[in-house]
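Colleague:
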Amino acid sequence: MSKLVMPNGAENLHVAQTGWDHPLLSMAFRPLFLMASFGSIAALAVWLGVLFGGVSHARLLLTPVVWHGHEMIFAFAATVAAGFLLTAVQTWTGQKTLAAPHLLGLIFLWCIIRISFWSVEAEQAFLVIILQVLWWGWVIVQFARPIIETKNRRNYVFIGLLTVLMLANLAALIADVSGYVGFALHIMRTCVLLFTILIALLGGRVIPFFTRSGCAREGIVLEDKSAPKWLERLLPWVALAGTVSFFMSYFFTLTVSAGVWLLLVGCLHLARMVFWYPHKVMSIPLLWSLHLAYLLLAVGLILLGSSYFHSYFSFSTGLHVITLGSIGLMILSMMSRVSLGHTGRALVVRGAISLGFMWMLMATLSRFFLSVLNLHPAAWVVSACLWGVAFTMFCVVYLPILTQPRQS
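One rule links them: number in the numbering used here = place in the sequence shown (from 1) + 109.
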């Protein structure tokens, strides 16, 4: 398995070669994790302001609901994924990516895009779209180059997945500025399902490995077993079928409902988890948070599938179980672990971060149950505030870590 662990001194070597000596620019995960976290807090605060009339969206380039989805999917989740993958690819291939000046350019481009959504006139929308495509192109080229040069075929799938996300991002922006708001929202929801595939691929690699190594450090003995090969091979294809069928359902009436595929893939995720010893990790925050996030992925997909067959289940509610509980919590957990491991620190989170994991669970539960009770404004406010508290805790704890040199 490709471990996401850098050799000692790798960051220092990278800095020495580029001549840029600030630790923040030594590896992609450092600024991208912080940018995404701060950005998500700000985006949710603005979104609440728009919902309750405190913030005017007259100057906003996109439809407000599309902007909300775009910022949480692409400015947050995709940015974290980029930081993770641009860091991991150096371990997978042994080659450097994103020298500090290029990383600084990527940061600048990300910031300009965020500002442009609120400052560019509709007639210049194509400029923002071009900037977004440039951001994706920059990330994909830097990730793909070492993969292709070293013929690291096992990870070609991530090049394809990043490219599809870029094209979906482009399509959503064009659709919305062209007046096809419903189609833009459908693309956004499809992108959430694409992220579930990314979680299935990365989670299937790292969660079992992290579980074995983390339990070993705590003296917890695990039996040597893994999920059946047929399950590991089948799950990504069923997940892809569910995503494609959901996207195509906007245009056609399908013989097999997308709901069937979503129910099936959710059940396959549950079956996969059984082999990861979820009952053994309850005392280890960096592990139970990952297992819980993966469980909420399965639950969210089952809720999405169920929404096709019973009106009691809301598609939007199921979608937010995935975005808050699975994507949000898994990102918070992975950022916490990666930031410690890649800066040479012990893989033990502070109490504030463990509490942050709990706040993310509470955000998910409040968004779900308050929506079920038709208390939608309360669901929006409570879940957004809990998210803000959790990621503020991450920023406060990890800002010094991510801006200081790696410990030997």
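Even for Gly, the Cβ is constructed at its ideal location relative to N, Cα and C.
Taking C-alpha atoms, which residue in Val498, Leu157 and Met443 lies nearest to Trp468?
Modeller: For the purposes of this step, residue 468 is taken as residue 359 along the sequence shown, with counting starting at 1. Per the Cα distances, Val498.
Colleague: Round the Cβ separation of Met439 and Leu399 to the nearest angstrom and send it over; I've been treating them as touching at under 8 Å.
Modeller: Taking the first residue of the sequence shown as position 1, residue 439 is located at position 330. Taking the first residue of the sequence shown as position 1, residue 399 is located at position 290. Contact flag correct, Cβ pair sits at about 6 Å.
Colleague: CB-CB under 8 Å to Thr501, same chain, minus the five flanking residues each way: which ones, in chain order?
Modeller: The residue given as residue 501 occupies position 392 in the sequence shown. Taken in chain order, the residues that qualify are Ile150.
Colleague: In or out: Val286 buried (at least 16 other Cβ within 10 Å) or exposed?
Modeller: For the purposes of this step, residue 286 is taken as residue 177 along the sequence shown, with counting starting at 1. Counting the other CB atoms within 10 Å of its CB gives Val286 a total of 16 or more, which places it among the buried residues.
Colleague: Give me the Cβ distance between Gly409 and Ser435, rounded to the nearest whole Å; I'm assuming they're in contact under 8 Å.
Modeller: Residue 409 sits at position 300 when you count from the first residue of the sequence shown. Residue 435 sits at position 326 when you count from the first residue of the sequence shown. Indeed they touch by this definition, with Cβ atoms about 6 Å apart.
Colleague: In chain order, what residues of the same chain lie with their CB nearer than 6 Å to the CB of Ser445, ignoring the 5 residues before and after it?
Modeller: The sequence position of residue 445 within the sequence shown is 336, counting from 1. Cβ contact annotation for Ser445 (same chain, cutoff 6 Å, sequence separation greater than five): Val458 and Ile462, in chain order.
Colleague: Compare the C-alpha of His295 against each of Thr305, Ile308 and Ala277 and name the closest.
Modeller: Numbered from 1 along the sequence shown, position 186 holds the residue referred to as residue 295. Considering only alpha carbons, the answer is Ala277.
Colleague: Please classify Asn483: is it buried, with 16 or more other beta-carbons within 10 angstroms of its beta-carbon, or exposed?
Modeller: Within the sequence shown, the letter at position 374 stands for residue 483. Label assigned to Asn483: exposed.
Colleague: For Phe360, is the classification buried or exposed, using 16 other Cβ atoms within 10 angstroms of its Cβ as the cut-off for buried?
Modeller: Taking the sequence shown and counting its residues from 1, one reaches residue 360 at position 251. So Phe360 ends up on the exposed side.
Colleague: Any idea if Gln513 is buried or exposed, counting beta-carbon neighbours within 10 angstroms, 16 or more meaning buried?
Modeller: Within the sequence shown, residue 513 is the residue found at index 404, counting from 1. The residue is exposed, with fewer than 16 neighbouring Cβ atoms inside 10 Å.
Colleague: Report yes if the CB atom of Val237 is closer than 8 Å to the CB atom of Phe226, and no otherwise.
Modeller: What you label residue 237 is simply residue 128 of the sequence shown in a count that begins at 1. What you label residue 226 is simply residue 117 of the sequence shown in a count that begins at 1. For Val237 and Phe226, yes; Cβs fall inside 8 Å.
Colleague: Is it the case that the stretch 380 to 390 contacts the stretch 261 to 275, given that we only count it when at least three CB pairs across the two stretches are under 8 Å?
Modeller: no
Colleague: If you check the beta carbons only, do Ala493 and Leu157 fall under 8 Å apart?
Modeller: Sequence index remark: in the sequence shown, residue 493 carries index 384 (1-based). Sequence index remark: in the sequence shown, residue 157 carries index 48 (1-based). Against a cut-off of 8 Å, the Cβ pair of Leu157 and Ala493 comes out as a contact.
Colleague: Using the C-alpha atoms, what's the distance from Ile249 back to Met115?
Modeller: Residue numbering aside, residue 115 sits at position 6 when the sequence shown is read from its first letter. Residue numbering aside, residue 249 sits at position 140 when the sequence shown is read from its first letter. Confidence at Met115 is low in this model, with a pLDDT of 40, below 50, so the placement of that residue should be treated as unreliable; the coordinate-derived value is given next. About 21 Å.
Colleague: Taking 7 Å as the limit between beta carbons, can you name the residues of its chain near Ala186, skipping five residues before and five after?
Modeller: Along the sequence shown, read from residue 1 onward, the residue named residue 186 stands at position 77. Contacts found: Phe304, Ile436 and Ile440.
Colleague: Need the endpoints of the alpha helix (DSSP H) that His400 sits in, please.
Modeller: Walking along the sequence shown from the start, residue 400 turns up at place 291. Element bounds for His400: Pro394 to Ser415.
Colleague: Excluding the 5 residues preceding and the 5 following Val189 in the sequence, name in chain order all residues of the same chain whose CB lies nearer than 6 Å to its CB.
Modeller: Taking the first residue of the sequence shown as 1, we reach residue 189 at position 80. The answer, listed in chain order, is Ala145 and Ile440.
Colleague: So is Val155 buried or exposed if we call it buried at 16+ other beta carbons inside 10 Å?
Modeller: Translated into the one-based positions of the sequence shown, residue 155 becomes position 46. Flag for Val155 reads buried.
Colleague: If you drop the 5 nearest sequence neighbours on each side, which residues of the same chain put their C-beta closer than 8 Å to that of Leu373?
Modeller: Here residue 373 corresponds to residue number 264 of the sequence shown, with the count starting at 1. Correct list, in chain order: Val347, Gly351 and Gly414.
Colleague: Would you mind sorting His179 into buried or exposed? The rule is 16 or more other CB atoms within 10 Å of its CB.
Modeller: Working through the sequence shown from its first residue, we reach residue 179 at position 70. Burial call: buried.
Colleague: Under the three-state reduction of DSSP, which class applies to Phe360: helix, strand or coil?
Modeller: To locate residue 360, count along the sequence shown from 1; it is residue 251. Phe360 falls in the coil class under three-state DSSP.
Colleague: Measure the C-alpha to C-alpha separation of Arg263 and Thr202 and round it to an integer number of angstroms.
Modeller: Within the sequence shown, the letter at position 154 stands for residue 263. Within the sequence shown, the letter at position 93 stands for residue 202. Cα to Cα, the separation comes out at about 11 Å.
Colleague: Compute the beta-carbon to beta-carbon distance between Thr196 and Val447, rounded to the nearest angstrom, for a pair I have assumed lies under 8 Å.
Modeller: The residue you call residue 196 lines up with position 87 of the sequence shown. The residue you call residue 447 lines up with position 338 of the sequence shown. Going by Cβ atoms, the distance from Thr196 to Val447 rounds to 7 Å, so yes, they are a contact pair.
Colleague: Looking at the structure shown, is Val491 part of a helix, part of a strand, or coil, going by DSSP?
Modeller: For the purposes of this step, residue 491 is identified with residue 382 of the sequence shown, where counting begins at 1. Correct three-state label for Val491: helix.
Colleague: Would you mind giving the Cβ-Cβ distance between Ile308 and Leu406, rounded to the nearest angstrom? I have them listed as a contact below 8 Å.
Modeller: Stepping through the sequence shown from its first residue, residue 308 is reached at position 199. Stepping through the sequence shown from its first residue, residue 406 is reached at position 297. Confirmed, about 6 Å.
Colleague: Is it buried or exposed for Arg326, if we count other Cβ within 10 angstroms and need 16 for buried?
Modeller: The count along the sequence shown starts at 1 and reaches residue 326 at position 217. When all chains shown are included, Arg326 counts as exposed.
Colleague: Please go through the same chain and pick out, in chain order, the residues whose beta-carbon is closer than 8 Å to the beta-carbon of Ala455, but skip the five residues on each side of it.
Modeller: On the sequence shown, residue 455 is found 346 positions in, with the first residue counted as 1. Only Leu449 meet the Cβ criterion.
Colleague: Taking the C-alpha atoms as reference points, what is the distance between His388 and Leu331?
Modeller: By 1-based counting over the sequence shown, the position of residue 388 is 279. By 1-based counting over the sequence shown, the position of residue 331 is 222. In a straight line, the C-alpha of His388 is about 11 Å away from that of Leu331.
Colleague: Below 8 Å between beta carbons: does that hold for Leu343 and Leu377?
Modeller: Numbered from 1 along the sequence shown, position 234 holds the residue referred to as residue 343. Numbered from 1 along the sequence shown, position 268 holds the residue referred to as residue 377. Yes.
Colleague: Kindly indicate which three-state DSSP category Phe500 falls into: helix, strand or coil?
Modeller: Numbered from 1 along the sequence shown, position 391 holds the residue referred to as residue 500. In the structure shown, Phe500 falls within a helical segment according to DSSP collapsed to helix, strand and coil.
Colleague: Counting C-beta neighbours from all protein chains within 10 Å, is the total for Thr206 16 or more, i.e. buried, or is it exposed?
Modeller: Locating residue 206 in the sequence shown gives position 97, counting from the first residue. Buried is the label assigned to Thr206, since at least 16 other Cβ atoms lie within 10 Å of its Cβ.
Colleague: Which of the three DSSP states is assigned to Arg515 in this structure?
Modeller: Translated into the one-based positions of the sequence shown, residue 515 becomes position 406. Here Arg515 sits in coil by DSSP.
Colleague: From what residue to what residue does the alpha helix (DSSP H) around Arg326 run?
Modeller: The sequence position of residue 326 within the sequence shown is 217, counting from 1. Counting along the chain, Arg326 sits inside the alpha helix (DSSP H) bounded by residues Val290 to Arg326.
Colleague: Is Thr426 near Val369, with beta carbons less than 8 Å apart?
Modeller: Along the sequence shown, one-based indexing puts residue 426 at 317. Along the sequence shown, one-based indexing puts residue 369 at 260. Not closer than 8 Å, so no.
Colleague: Along the chain, which unbroken stretches of the alpha helix (DSSP H) at least 4 residues long are found entirely within the stretch 229 to 270?
Modeller: 234 to 258
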